[in-house]
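Notes to accompany the following structure.
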Amino acid sequence: MYTQAMDTAPPDVLAPVRNADEAAREAAFEARVAAGAFVEPQDWMPAHYRRTLVRQISQHAHSECVGMLPEGNWVTRAPTLKRKTILLAKIQDEAGHGLYLYAAAETLGTSRDEMLQALHSGKAKYSSIFNYPTLSWADIGTIGWLVDGAAIMNQVPLTRCSYAPYARAMVRVCREESFHQRQGFDSLLVMMKEGSEAQRAMVQDAVDRWWWPSLMMFGPPDADSPNSAQSMRWGIKRLSNDELRQKFVDACVEQARVLGVTLPDPELKWNEARGHHDFGPIDWAEFWRVVGGHGPCNTERLGARVKAWDDGAWVRDAALAHARKQIMKEAAA
Ligand code: BYC
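For the sequence shown, the numbering used here begins at 262 and goes up steadily by one.
What follows is the structure, given as structure tokens:
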């Protein structure tokens, strides 16, 4: 599906619009996308559309990979064999999501090395949520419930993204995320309904710490989101940051009631007129601090990714040496 990487248009399409022909192509592209058409890698596309997709898809891929780290912290300490197996499967899924997404970004003419270089140098972003620590086992269930729940809310509309390879990748990612959300909810439900007082307190503490960072996952408010308007015109984003955040809050209120946990927001209440829940102000200063590299775990997370890359150098070198030998053998045969 993603071997189309070889078919991407040559680099001259990255040049700015220069003449009437280019302007006409751009107008035709805008009209196609506005009519709901999907864009394939070999189709002509404006340089800004391409750059926006590389930015979003590569950041998404980085998030999936960095997202393995907070959970990996608990593999050896999962309370039962069943929970350990589920957690291992989930983390492995996240690695797979990262790979589909890097492959989707490669169809736009960027290389995986370039994307990883951008991550490792701190130039590329990854989701703010993964810069928070996982302090107890309940954090793992809460990540499944809230973090994967927020991810699904954000990602289901991406299955209709105008860039077809991204949309196709998201179909499978969303199916797996749905299992991730359910296993998290199930793990919390067991602790809340069958657990001890201490376990219930542990769940509530985890929910208190993860609720607000989960709401930040959807990005800044629409009014302060520099990329949203254009991305929505191009059908890259189908719903705005605030619309998705509101849908998430509305869904979580009922789920929290079933679990028996309190969402840590005294201003959270149903608004009959709007048909939605109102909620309290989000600490956007904290969000920008974390996105800017100054969250509780940014240094640790990036350090772990860079170390994994450095430690894996011999594997990449060996694979390349093997490939070179094969080519020489085939040429000599
Ligand atoms: N964290 O103009 P905006 C997962 C940046 S992983 C960090 O609204 P856009 C999982 C944004 O990039 C789920 N940065 O941007 C894995 C932009 O900066 P740049 C990850 C953020 O792109 C393991 C600036 O703020 N999901 O599911 O229109 C275990 C202004 O924002 C964040 C995705 O990546 C943030 N939270 O909208 C468990 C989904 N928010 O790039 C779970 C795909 C914003 O201009 N991505 N920024 O330097 C998207 O849907 C969009 O990129 C966003 C942001 C909604 C995140």
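C-beta atoms are modelled at their ideal positions from N, C-alpha and C, and glycine is treated no differently.
This one's a predicted model, so the numbers in the text were calculated from it and none came from an experiment.
Find the nearest neighbour of His555 within the set Phe479, Asn392, His537 and Phe509, judged by alpha-carbon distance.
With distances taken between Cα atoms, His555 lies closest to Asn392.
Would you kindly report the start and end of the unbroken alpha helix (DSSP H) that includes Trp473?
Here the alpha helix (DSSP H) through Trp473 covers Glu458 to Met477.
Relative to the ligand BYC, is the shortest distance from any of its heavy atoms to the C-beta of Gly328 smaller than 6 Å?
Within the cutoff, so yes.
Supposed contact pair Val408 and Ser475 - C-beta distance, whole angstroms, cut 8 Å
Contact between Ser475 and Val408 is confirmed by a C-beta separation of about 6 Å, below the 8 Å threshold.
Alpha carbon of Ala365 to alpha carbon of Arg429, nearest angstrom:
Straight-line spacing of the CA atoms in Ala365 and Arg429 works out to 9 Å.
Which whole-angstrom value describes the C-beta separation of Leu348 and Ile401, a residue pair presumed to lie in contact below a C-beta threshold of 8 Å?
Confirmed, about 6 Å.
Would you kindly work out how many angstroms separate the C-alpha atoms of Gly420 and Ile318, rounded to a whole number?
For the record, residue 420 in the displayed sequence is Thr; it is not Gly. Annotation: Thr420 to Ile318 spans about 13 Å, alpha carbon to alpha carbon.
Could you tell me whether any non-hydrogen atom of the ligand BYC is closer than 6 Å to the CB of His309?
Relative to the non-hydrogen atoms of the ligand BYC, the Cβ of His309 never comes closer than 6 Å to any of them.
Could you tell me whether the stretch 322 to 336 touches the stretch 452 to 471, where touching means 3 or more Cβ pairs closer than 8 Å?
With a cut-off of 8 Å, the stretch 452 to 471 and the stretch 322 to 336 do not count as touching, because too few Cβ pairs lie within range.
Looking at Trp472 and Pro525, is the spacing between their C-beta atoms short of 7 Å?
Their beta carbons are under 7 Å apart, which means Pro525 touches Trp472 by this criterion.
Buried versus exposed call for Met431 [16 or more other C-beta atoms within 10 Å across all chains shown]
The residue in question, Met431, is buried, as its Cβ has 16 or more Cβ neighbours within 10 Å.
Counting pairs of beta carbons, one from the stretch 410 to 417 and one from the stretch 500 to 519, are three or more of them closer than 8 Å?
Between the stretch 410 to 417 and the stretch 500 to 519, the count of Cβ pairs shorter than 8 Å is three or higher; the stretches touch.
Measure the C-alpha to C-alpha separation of Ala339 and Ala565 and round it to an integer number of angstroms.
For Ala339 and Ala565, the distance between alpha carbons rounds to 21 Å.
Alpha carbon of Ser389 to alpha carbon of Thr560, nearest angstrom
Near 13 Å, if we compare the C-alpha coordinates of Thr560 and Ser389.
Quick one: Cα of His583 to Cα of Asp572, how far?
Taking the straight line joining both Cα atoms gives about 19 Å.
Output the boundary residues of the alpha helix (DSSP H) element that contains Asp483.
Under the DSSP assignment, Asp483 falls outside any alpha helix (DSSP H); it carries neither an H nor an E label.
Quick one: residues in its chain with C-beta nearer than 6 Å to the C-beta of His358, no 5 flanking neighbours on either side, listed in chain order?
If we look at His358 and ignore the five residues flanking it on each side, its Cβ neighbours are Glu325 and Val434.
Could you spell out the range, first to last residue, of the alpha helix (DSSP H) harbouring His309?
Start and end: Ala308 to Val327.
Helix, strand or coil: how does DSSP classify Tyr424 here?
Shown here, Tyr424 sits in a strand according to DSSP, grouped into three states.
Mind pulling the alpha helix (DSSP H) runs of 4 or more residues that sit fully within the stretch 368 to 444?
Counting only runs of 4 or more, we get 373 to 381, 398 to 403 and 409 to 416.
Using CA atoms only, rank isn't needed, just tell me which of His538, Trp398, Glu301 and Gly370 is closest to Val336.
Of the candidates His538, Trp398, Glu301 and Gly370, Trp398 places its Cα closest to the Cα of Val336.
Using 7 Å as the threshold, is the C-beta distance between Gly541 and Glu528 below it?
Yes. Within cutoff.
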